[in-house]
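Residue numbers for the sequence shown follow my numbering, so the first one is 177 and each next one is one higher. Beta carbons are placed, not taken as given, at the ideal position from N, Cα and C, and that holds for glycine. This one's a predicted model, so the numbers in the text were calculated from it and none came from an experiment.
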Amino acid sequence: MKLLVATDLSDDGDVAIDVGRAMRARHGGSIAIVHVLAAWTPEAAARLRARMPSDLSDSELLVEQGKPADRLLQLAAEREIDLIVLGGRAPSGKRVFGSVAEAILSRTTIPVLIARQHRAVGEIVAATDLTESGLPSVQKAVELAKPTHARVTVVHVRPSTPNPKETLELKRVRRLLPPTGKVKIETGDAASAIVAVAERLDAELIVVASRGRKGLARLIIGSVAGAVVRKASCSVLVVPLEQR
């Protein structure tokens, strides 16, 4: 797995680095840690090195100049990155994400992990509305769970009246899960229900999918994926459903 971790040299950036290093430890691969600033300064590289944990001494450290979202997306494309990791700020206890993360999520075609601190290896929650071709959120959750044998819980939030095809689709979901996997059916507001399940399970990660370019743009203004990113206290992985 090729990881690109962005830091603004703040505590929030340190969380992204911690989550990125945990991902690399479990899944292998390479990690590049990037600090992008409007105007390059000689002190920036030293400040970046000073924040690095000792076990990341072999990682690539990059100080880049430009608009952060633009440069990060360029680097991700040039290096064929598998996952972008960004910090998810939480001022005054309210879970939000900053303008750089919003810009990247509105344009990316590769998965983005909004990182929040979680000390223990925990359960992984995959959210699905059962309409996604290939169920990428479920597949990605199962893939990420393998190294630590974490349990995967799939959450489907349905309207009060079940869809006639729901039973068939749920069988498809269960075939993707390992024996320890579970499926939970919830009703009500989708994002709130997904986050509530994750909190009850003390989940380490929520995996959600977002639909193509238009869907990713809508993520910022109120889609289920965007609301989950804003509300969750744990890390959230957003998987684009379609390439542009």
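{"query": "State the CB to CB distance for the pair residue 304 and residue 349, rounded to an integer number of angstroms; the pair is presumed to be in contact (CB under 8 Å).", "result": "7 Å"}
{"query": "Could you tell me the alpha carbon to alpha carbon distance between residue 314 and residue 399, rounded to whole angstroms?", "result": "19 Å"}
{"query": "How is residue 368 classed by DSSP in three states: helix, strand or coil?", "result": "helix"}
{"query": "Would you mind working out which of 414, 240, 281 and 259 sits nearest residue 216, comparing C-alpha positions?", "result": "240"}
{"query": "Would you check if the distance between the CB atom of residue 292 and the CB atom of residue 404 is smaller than 8 Å?", "result": "no"}
{"query": "Return the CA-CA distance between residue 280 and residue 353, expressed in angstroms with no decimal places.", "result": "30 Å"}
{"query": "Can you check the segment 181-216 for any beta strand (DSSP E) of at least 3 residues that lies completely inside it and give the ranges in chain order?", "result": "206-213"}
{"query": "Find out if the Cβ-Cβ distance for the pair residue 384, residue 414 is shorter than 8 Å.", "result": "yes"}
{"query": "Buried or exposed, going by whether 16 or more other CB atoms sit within 10 Å of the CB of residue 406?", "result": "buried"}
{"query": "Look at the alpha carbon of residue 421 and the alpha carbon of residue 222, and state the distance between them as a whole number of angstroms.", "result": "Only positions 177 to 420 of the chain appear in the structure, and residue 421 is not among them; the question remains open."}
{"query": "Applying the criterion that 16 or more other CB atoms from any shown protein chain within 10 Å of the CB defines a buried residue, is residue 275 buried or exposed?", "result": "exposed"}
{"query": "From the DSSP output, in three-state form, read off residue 406 for me.", "result": "helix"}
{"query": "Which residue's Cα is closest to the Cα of residue 177: 257, 364 and 298?", "result": "257"}
{"query": "Hey, out of 259, 416 and 254, whose CA is closest to residue 200's CA?", "result": "259"}
{"query": "In whole angstroms, give me the CA-to-CA distance for residue 324 and residue 237.", "result": "27 Å"}
{"query": "Do the CB positions of residue 212 and residue 181 come within less than 8 Å of each other?", "result": "no"}
{"query": "Excluding five sequence neighbours on each side, which residues of the same chain lie with their C-beta closer than 7 Å to the C-beta of residue 242?", "result": "212"}
{"query": "Tell me which residue opens and which closes the alpha helix (DSSP H) that residue 411 is part of.", "result": "Careful: residue 411 lies outside any alpha helix (DSSP H), inside the beta strand (DSSP E) at 411-416."}
{"query": "In chain order, what are the residue ranges of uninterrupted beta strand (DSSP E) at least 3 long that sit wholly in the segment 321-363?", "result": "328-334 and 358-363"}
{"query": "Can you have a look at residue 364 and say buried or exposed, based on whether 16 or more other CB atoms are within 10 angstroms of its CB?", "result": "exposed"}
{"query": "If we ignore side chains and look at the alpha-carbon of each, how far apart do residue 246 and residue 343 end up?", "result": "43 Å"}
{"query": "Can residue 289 and residue 411 be called in contact, C-beta distance under 8 Å?", "result": "yes"}
{"query": "Tell me the rounded alpha-carbon separation between residue 219 and residue 329.", "result": "45 Å"}
{"query": "Just to check my reading of the structure: residue 332 and residue 311 have Cβ atoms closer than 8 Å, yes? What is that Cβ distance to the nearest angstrom?", "result": "The Cβ separation is near 11 Å, so there is no contact."}
{"query": "Bridge partners of residue 260, per DSSP?", "result": "180 and 288"}
{"query": "Just to confirm my understanding: we take residue 286, look at its own chain, exclude 5 residues before and 5 after, and list those with CB closer than 8 Å. What are they?", "result": "252, 257, 258, 259, 260 and 416"}
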